[in-house]
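Student: Next up is a structure, given as structure tokens.
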Amino acid sequence: MKQTNLAIVVPCYNEEAVLPSSSKVLQKIMHDMIDNEQVSSESKILFVNDGSKDKTWELIKDLEAEDTVFTGLKFSRNFGHQNALMAGMKVAGDFADAIITIDADLQDDENLIPKMVESFQNGHEVVLGVRNDRSSDSSFKRWTAETFYKIMHQIGVQLVPDHADFRLLGQRAVATLMEYQESNLFLRGIIPQLGYSSEKLYYQRKPRLAGETKYPLKKMISFALDGITSFSVAPIKAIMSLGVVVIVISLIMMIYALVRFFTGNVTNGWASLMTSLWFLGGVQLVGISIIGEYIGKIYSEVKHRPRYIIETEDYSTTQSHKDNS
Ligand code: UDP
Ligand code: MG
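Numbering (the UniProt record's numbering), first residue to last: 1 to 325.
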């Protein structure tokens, strides 16, 4: 049987603090798998430098010089985690049979990698890493994540709870994924839609090796909103229900006001008028902004801009070197 050609894709944004140690860990795992003949000696660890402003790219170049198992590609600027993953998978999909994505801070358990490969070799095209313990995350992060999964579930989006972007995809699944052309990417929502035979492997999430999270609250909220609006029009429908409720309330108010008018019990009505005015104004603004969110999405999709721009791609250059020599 042909040996599996594996690629481990690692998105990196300002990761100079963790790269030296995490690259060592991945390197060892990869070499062990190559030595055990679980994967082919052509397997690669592909770093995607997502416009880092620190020494990340220099570190990647050093790693490439040190060991041919390492390779890297560099974006022209920061395009975000999801796009870094897409670029890495697309490039890796050209040469690898199985592609694993893992964060540079190794919060996900790297020891699962050989098991993922084994699962792939047993015929699973999609292998998902699922955290069964998040005690290393702050209680705030856990609470926001839980709320997010609940909302997503309620509006009917299929997600695998506690599965982030640590997964293995076979070459075929990656090719299918590339057919999803939307520029607002929410990978963990799309993956369950791909189908294929899949398996979940459980692990414990660790604290970050070093450095700070690249997902501050603001980015987390926008990521969550992206997830919701990419997969569901439930918020637009919710505006409709809200509108109906408000209309019913105002009808009741109207009847009440008329009754008081005809019973000669007329009050100035200033308070009720002002309250309803402000209330309705608020409801309308919320409604408009939700619709605006979708229109914004449509706008960015119709522009068809590239998801990312690759400035340097070392894998193809090393390949053409080989071809020339
Ligand atoms: N990342 C990236 N581009 C970004 C933000 C993050 O490539 O704009 C990478 C980052 O280097 C890391 C992964 O995405 O490898 C996950 O980020 P992080 O660990 O900071 O997120 P958290 O685990 O705190 O959610
Ligand atoms: Mg992390």
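Think of the CB as a built atom: it goes at the ideal place given N, C-alpha and C, for glycine as much as any other residue.
Would DSSP call Ser325 helix, strand or coil?
Tutor: Taking the sequence shown and counting its residues from 1, one reaches residue 325 at position 325. Since pLDDT at Ser325 reaches only 34, below the 50 mark, its modelled position is unreliable, and the value read off the structure follows with that caveat. Coil at Ser325, not helix or strand.
Student: Does the stretch 232–239 touch the stretch 158–165, meaning 3 or more C-beta pairs lie closer than 8 angstroms?
Tutor: Segments in contact, no.
Student: Look at Val126 and Ile191 and say whether their C-beta atoms are less than 9 angstroms apart.
Tutor: What you label residue 126 is simply residue 126 of the sequence shown in a count that begins at 1. What you label residue 191 is simply residue 191 of the sequence shown in a count that begins at 1. Yes, these two residues count as a Cβ contact at 9 angstroms.
Student: For Thr213 and Ile310, what's the separation of their Cα atoms in angstroms?
Tutor: For the purposes of this step, residue 213 is taken as residue 213 along the sequence shown, with counting starting at 1. For the purposes of this step, residue 310 is taken as residue 310 along the sequence shown, with counting starting at 1. In a straight line, the C-alpha of Thr213 is about 24 angstroms away from that of Ile310.
Student: Straight-line CA distance for Lys2 to Ser197?
Tutor: The residue labelled residue 2 in the question sits at position 2 within the sequence shown. The residue labelled residue 197 in the question sits at position 197 within the sequence shown. Lys2 and Ser197: Cα-Cα distance of roughly 20 angstroms.
Student: Give the secondary structure of Lys206 by DSSP, where H, G and I count as helix, E and B as strand, and everything else as coil.
Tutor: Within the sequence shown, residue 206 is the residue found at index 206, counting from 1. Three-state DSSP puts Lys206 in coil, outside helix and strand.
Student: What is the DSSP secondary structure of Val244, reduced to helix, strand or coil?
Tutor: For the purposes of this step, residue 244 is identified with residue 244 of the sequence shown, where counting begins at 1. Helix, per DSSP.
Student: Could you give the distance in angstroms between the alpha-carbon of Phe225 and the alpha-carbon of Phe262?
Tutor: Indexing the sequence shown from 1 puts residue 225 at position 225. Indexing the sequence shown from 1 puts residue 262 at position 262. Here residue 225 is Leu; the residue named in the question, Phe, does not match the sequence. Distance between the alpha carbons of Leu225 and Phe262 is about 49 angstroms.
Student: Does the distance from the C-beta atom of Leu46 to that of Val18 stay below 9 angstroms?
Tutor: If you number the sequence shown from 1, residue 46 lands on position 46. If you number the sequence shown from 1, residue 18 lands on position 18. No, Cβ-Cβ distance for Leu46 and Val18 is not below 9 angstroms.
Student: Tyr308 and Asn36: beta carbons closer than 9 angstroms?
Tutor: For the purposes of this step, residue 308 is identified with residue 308 of the sequence shown, where counting begins at 1. For the purposes of this step, residue 36 is identified with residue 36 of the sequence shown, where counting begins at 1. No, the Cβ-Cβ distance between Tyr308 and Asn36 is not below 9 angstroms.
Student: What does a CB cutoff of less than 6 angstroms around Lys322 pick up in its chain, not counting 5 residues either side in sequence?
Tutor: Stepping through the sequence shown from its first residue, residue 322 is reached at position 322. In this prediction, Lys322 has a pLDDT of 39, which is less than 50 and means its spatial position is unreliable; what the coordinates show is noted afterwards. If we look at Lys322 and ignore the five residues flanking it on each side, it has no Cβ neighbours.
Student: For Ala104, is the classification buried or exposed, using 16 other Cβ atoms within 10 angstroms of its Cβ as the cut-off for buried?
Tutor: Translated into the one-based positions of the sequence shown, residue 104 becomes position 104. Ala104 comes out buried.
Student: Enumerate in chain order the residues of its own chain whose CB-to-CB distance from Asp314 is below 7 angstroms, with the five nearest sequence positions on each side excluded.
Tutor: Translated into the one-based positions of the sequence shown, residue 314 becomes position 314. Within the same chain, Asp314 has close Cβ partners Glu64, Thr71, Gly72 and Leu73.
Student: State buried or exposed for Tyr13, treating a residue as buried only when at least 16 other CB atoms are found within 10 Å of its CB.
Tutor: For this step, residue 13 is matched to residue 13 along the sequence shown. Tyr13 should be labelled buried.
Student: Report the start-end ranges of each alpha helix (DSSP H) in the stretch 269–312 that is 4 residues or longer and not cut off at the edges.
Tutor: Here the runs fully enclosed are 270–302.
Student: Less than 7 angstroms between C-beta atoms, sequence neighbours within five positions excluded: which residues of the same chain meet that for Glu199?
Tutor: The count along the sequence shown starts at 1 and reaches residue 199 at position 199. Cβ within range, chain order: Ser119, His124 and Val127.
Student: Which parts of the UniProt domain "Glycosyltransferase 2-like" (8–158) are runs of the beta strand (DSSP E), unbroken and 3 residues or longer, counting only runs that do not cross its ends?
Tutor: 44–49, 70–75, 98–101 and 126–133
Student: Which class does Lys200 belong to by DSSP, given the choice of helix, strand or coil?
Tutor: Here residue 200 corresponds to residue number 200 of the sequence shown, with the count starting at 1. Reduced to three states, the DSSP call for Lys200 is strand.
Student: What number of angstroms, rounded off, separates the C-alpha of Arg205 from the C-alpha of Ile295?
Tutor: Mapped onto the sequence shown, residue 205 falls at position 205. Mapped onto the sequence shown, residue 295 falls at position 295. Taking the straight line joining both Cα atoms gives about 37 angstroms.
Student: Could you have a look at Leu168 and say whether DSSP puts it in helix, strand or coil?
Tutor: Here residue 168 corresponds to residue number 168 of the sequence shown, with the count starting at 1. Residue state, collapsed to three classes: strand.
Student: Using DSSP's beta-bridge definition, name the partner residues of Thr4.
Tutor: Translated into the one-based positions of the sequence shown, residue 4 becomes position 4. According to DSSP, Thr4 bridges with Val39.
Student: Residues in its own chain within less than 6 angstroms of Thr312 by CB, not counting five upstream and five downstream?
Tutor: Locating residue 312 in the sequence shown gives position 312, where the first residue counts as 1. Only Lys74 meet the Cβ criterion.
Student: Run the proximity test for Val39: is its beta-carbon closer than 8 angstroms to any non-hydrogen atom belonging to the ligand MN?
Tutor: Among the ligands in the structure shown, the ligand MN does not appear; only the ligand UDP and the ligand MG can be found there.
Student: Taking the alpha carbon of Lys141 as the reference point, which residue from Asp50, Val286 and Tyr215 has its own alpha carbon closest?
Tutor: Translated into positions along the sequence shown, residue 141 becomes position 141. Here the closest residue by C-alpha is Tyr215.
Student: Count the other CB atoms, across all protein chains shown, that sit within 10 Å of the CB of His304; report buried if there are 16 or more and exposed otherwise.
Tutor: In the sequence shown, the residue the question calls residue 304 occupies position 304. His304 comes out exposed.
Student: Using the Cα positions of Ala96 and Trp278, report the straight-line distance between them to the nearest angstrom.
Tutor: If you number the sequence shown from 1, residue 96 lands on position 96. If you number the sequence shown from 1, residue 278 lands on position 278. The alpha-carbon of Ala96 is positioned some 59 angstroms away from that of Trp278.
Student: Go through the residues and name those whose CB comes closer than 7 angstroms to any heavy atom of the ligand MG, in chain order.
Tutor: Asp103, Asp105, Gln107, Arg208 and Thr213
Student: To the nearest angstrom, how far is it from the Cα of Thr4 to the Cα of Asn78?
Tutor: For the purposes of this step, residue 4 is identified with residue 4 of the sequence shown, where counting begins at 1. For the purposes of this step, residue 78 is identified with residue 78 of the sequence shown, where counting begins at 1. Cα-Cα distance, rounded: 32 angstroms.
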